[in-house]
Structure formats: C-alpha cells, structure tokens
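To keep things clear, I will list the structure first and then write my remarks on it.
2 protein chains.
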Amino acid sequence: MIKMRTRIKELRARYELTQDELADIVNVSRRTMLYLEKGKYNPSLFLAYKVAKSLHSTIEEVFIIEDDGTSSPDGDALNLE
Amino acid sequence: MIKMRTRIKELRARYELTQDELADIVNVSRRTMLYLEKGKYNPSLFLAYKVAKSLHSTIEEVFIIEDDGTSSPDGDALNLE
DNA sequence: GACTAATGTAATATATTTATCACATAATAT
DNA sequence: ATATTATGTGATAAATATATTACATTAGTC
Chain Y
1448 MIKMRTRIKE LRARYELTQD ELADIVNVSR RTMLYLEKGK YNPSLFLAYK VAKSLHSTIE
1508 EVFIIEDDGT SSPDGDALNL E
Chain R
1448 MIKMRTRIKE LRARYELTQD ELADIVNVSR RTMLYLEKGK YNPSLFLAYK VAKSLHSTIE
1508 EVFIIEDDGT SSPDGDALNL E
C-alpha cells in the first residue's frame, strides 16, 4: 500500500506558524491545510509547491510518498493505490 | 504570472516512450498525459510523483514552476495565479 | 500519393480536491 | 474555572482534474 505522509507539522513548528497562518500564506482554507498536513488527501502539485516553498523546503522534503509493503489500509492516511 | 512547464517530452524522448506508453505506465489516460506534458493543468502530487519516477527523475526536475515576471497570460499554458 | 503511428482537440461524464460554515475538542493562560 | 487560541470534524457546494470516446492533424514510411 502506497501512502503519503508529510513533514508539515514539524516544519510549521520550526517556523512557529499556526495552521491558520500557513493556510493564509498559501492562500488556502484552514481545513485544507489541516487535511493536507494529516496526509488525508492528494493535493495539487502547485499547492504542494506553495506549501513546500513557504516552509523553505522542496516538495520531496515535505511530502513523503512511501510503499509500506502491507496490503491493508492503515488508519485514515490517504490510500494512493 | 506563475506558470508551469514540464520536461516530460524531452525525458520521454530520452527513454523512447510514446505518450501512450507513458500514460499506461502511470495508469492514466493518454489525454491526461498529453495535457500534463503541455502544462495544461495542475496534476495531483501523486500523479506528478509517478510521472517523475517513471522518467527516473524527481518531481522538481520534471515539473518546473516559474514566475516569468509578466502579468498577462501567455499562450495556453496553465495560469496558476 | 496512400498508410500508419503519434500527437492534438472536442464534448460530456465522473471523481476528488478545495471552499465554506458551523460546531467540537484540546491546550494554554489568566 | 473560564477565556482564548489552536486543532479537529461534519455537511454541503463549487471548481477542476481525469476518464472516455471519437475525430483531426501531423510525421514518417512505403
């Protein structure tokens, strides 16, 4: 099963940004930011780009797509395949 | 104006893949692949990831988001802002 | 020229992201 | 304990990526 996790929370903490503040910077609703952070959906490339840039990172540093080897869904993370 | 261009065509040529073949590899319709290649829309992060991996590249190598400094639309490239 | 493969376009339908708004819980401070 | 701020959830609506199908055009070959 392929899943996505993000380092948004960690990076937000580093820059002392609240979800709301980051959402504003990126021009997105707080809910979208929240769901993004929890890996609950598969954002558009441009949104991912803006989030990464706002956190002084690259897309691949912030959004981590991985195959965990299992075949059963795990929690409420986004199921990509 | 922020726009996106891609190096898909160039990389496809390097690996001698047709749009159709790459679309199959990535599990997407040929039309989606075509529009993606021309930067006509803003793919999901996971799709961008799969395309990049299929072309042995990173997302940031394949999808190039840039601000060209102008304020008027140019051609039919995707207008991201 | 005709033939074929590859690329491009158009119309419509479906799926999923994203917005909006309202409320619930957690954490922290006073 | 009560404010206050941050985080989380639910329902519904809007926007847009993507699928599907069929046809048009270009490039290359015979």
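First to last, the protein sequences are chains Y and R. In terms of my numbering, the first sequence opens at residue 1448 and continues consecutively. In terms of my numbering, the second sequence opens at residue 1448 and continues consecutively. Each residue gets a CB set at the ideal place from its N, CA and C atoms; glycine is no exception.
Got a sec: is the Cβ-Cβ distance from residue i to anything in chain R below 8 Å?
{"i": "L1492 (chain Y)", "result": "yes"}
Kindly list, in the order they appear in chain Y, the residues whose Cβ is closer than 7 Å to that of residue i.
{"i": "A1495 (chain R)", "result": "L1492"}
So residue i contacts chain Y; which residues on that side make the cut at Cβ distance below 8 Å?
{"i": "E1507 (chain R)", "result": "T1505, I1506 and E1507"}
Check residue i in the structure and name its three-state DSSP category.
{"i": "K1497 (chain R)", "result": "helix"}
{"i": "K1456 (chain Y)", "result": "helix"}
{"i": "E1463 (chain Y)", "result": "coil"}
Can you list, in chain order, the residues of its chain whose CB lies under 6 Å from that of residue i, leaving out five sequence neighbours each side?
{"i": "D1467 (chain R)", "result": "R1477"}
If the cut is a Cβ gap below 7 Å, which residues of chain R does residue i touch?
{"i": "I1512 (chain Y)", "result": "F1493 and Y1496"}
Establish whether the CB of residue i and some CB of chain Y are separated by less than 8 Å.
{"i": "M1480 (chain R)", "result": "no"}
Between which residues of its own chain and residue i is the CB-CB distance below 7 Å, once the five residues before and five after are set aside?
{"i": "K1440 (chain R)", "result": "Because residue 1440 (chain R) is not part of the residues shown, which for chain R are 1448 to 1528, the question remains open."}
{"i": "S1501 (chain Y)", "result": "L1469, I1472 and V1473"}
{"i": "Y1462 (chain R)", "result": "L1502"}
{"i": "I1506 (chain R)", "result": "A1495, Y1496 and A1499"}
Since residue i and residue j are thought to touch, with beta carbons under 8 Å apart, how far apart are those beta carbons, to the nearest angstrom?
{"i": "L1483 (chain R)", "j": "I1511 (chain R)", "result": "So it is not a contact: roughly 13 Å between Cβ atoms."}
{"i": "A1499 (chain Y)", "j": "E1508 (chain Y)", "result": "7 Å"}
{"i": "S1504 (chain R)", "j": "L1458 (chain R)", "result": "6 Å"}
{"i": "L1492 (chain R)", "j": "L1492 (chain Y)", "result": "6 Å"}
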